[in-house]
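Here the structure comes first, spelled out in structure tokens, and everything after it is commentary.
Residue numbers (mature numbering (1 follows the signal peptide of the UniProt record, and there is no 0)): -27 to -1, 1 to 277.
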């Protein structure tokens, strides 16, 4: 009998806990009361009837007209009930919670989402987030740039360059007197401003590189890329490359890379002198390409 009694107590405990959970899912709207009962309307009342009932009660229980503390508390309740029932979305959620009290977590989540979820235009949120990220990006770029500049200024190469500029500025005469120490310090600052320090990975910040600006210019950038791609495909792929036509270095590089079947990432890793040699061979011409492949095969056999 003991196991049976234990199971019974477990069932009663579960039911009690379930009731505790179900109760808050309804009370989160109008506490212990029913929103419709507070306004004195039925659940089938329309928006006009709900509004009329609220105004009638608010005129009677408003703190400015009724100083009774209990009346003030009741006014807060009817105001809250009206806020819930006047909006179609929250009223629908409340009606659903009444009809399905067992769906505790779902009803609670819908309530908090309606009252505490963001009600700002999504586009405004995205624009604000974009501006914040761009601000952090700009500050981060300046921080990295200044740190890189400070590190470079400590190197012997930078100091030698400053010294060479000072000698050029002063006509080869250096000032060694203590009185000129401050002047030399100011001169160093002036000369350091003249040096264009471009450090890879920590370039000087530019507004054009910010995320917000890039997003704004994205339609223009995409249009430019598409137009350039179409022109390139037509001129260098659809049309047969000419054997004698002079191409720009960029176009000739593209034709060379396409003829050799070299990916763009691999092409970037090739040395500039090797690139120039390949471009000058005009490998988009079949005869030149065949000759190049023959040379490569001979070189490969010789190395074996």
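In this text, a Cβ means the ideal position worked out from N, Cα and C, and glycines have one as well.
- Boundaries cannot be given for residue 234, as no alpha helix (DSSP H) includes it and DSSP labels it neither H nor E.
- Residue 51 is positioned such that its CB atom lies no closer than 8 Å to that of residue 32.
- Spanning the alpha carbons of residue 23 and residue 54 requires a straight line of approximately 10 Å.
- Between the C-alpha atoms of residue 70 and residue 80 there is a straight-line separation of about 6 Å.
- Taking the Cβ atoms as the reference, residue 226 lies roughly 7 Å from residue 248, within the contact range of under 8 Å.
- Burial is judged here by how many other beta carbons sit within 10 angstroms of a residue's own beta carbon; residue 15 has fewer than 16 and is exposed.
- Each residue's CA atom was taken as its position, placing residue 37 and residue 26 some 19 Å apart.
- In this structure residue 222 is not in contact with residue 198, their Cβ atoms being roughly 20 Å apart against a cut-off of 8 Å.
- When secondary structure is reduced to three states using DSSP, residue 41 falls in the coil class, being assigned neither helix nor strand.
- From the listed residues 113, 67, 68, 48, the smallest Cα separation to residue 177 is found for 113.
- Assigned with DSSP and collapsed to three states, residue 183 falls in coil, not helix or strand.
- Per DSSP, reduced to three states, the secondary structure at residue 114 is helical.
- The DSSP-derived three-state label of residue 257 is coil.
- Residue 180 and residue 96 have their alpha carbons spaced roughly 22 Å apart.
- DSSP places residue 35 in the coil class of the three-state scheme, outside both helix and strand.
- In the same chain as residue 255, and ignoring 5 residues on each side of it, the C-beta atoms closer than 6 Å to its own belong to 261, in chain order.
- Assigned with DSSP and collapsed to three states, residue 221 falls in coil, not helix or strand.
- Contact check for residue 106 against residue 184 passes: the beta carbons are separated by less than 8 Å.
- When the beta-carbon positions are compared, residue 257 and residue 239 stay at least 8 Å from each other.
- The continuous stretches of alpha helix (DSSP H) do not include residue 15, and DSSP gives it neither H nor E.
- Looking at the backbone, the Cα of residue 138 and that of residue 271 are separated by about 53 Å.
- Considering only 34, 68, 4, 83, the residue with the shortest C-alpha distance to residue 18 is 68.
- A buried status is given to residue 57, since no fewer than 16 other beta-carbon atoms sit within 10 Å of its beta-carbon.
- Proximity to residue 8 across 82, 21, 64, 269 peaks at 64, based on C-alpha coordinates.
- Contact between residue 85 and residue 66 does not hold, since their C-beta atoms are separated by about 11 Å, which reaches or exceeds 8 Å.
- About 6 Å separates the beta carbon of residue 35 from that of residue 48, a gap short enough to meet the 8 Å contact definition.
- Here residue 188 is not near residue 102, since their CB atoms are 8 Å or more apart.
- Residue 71: member of the alpha helix (DSSP H) spanning 61 to 72, first to last residue.
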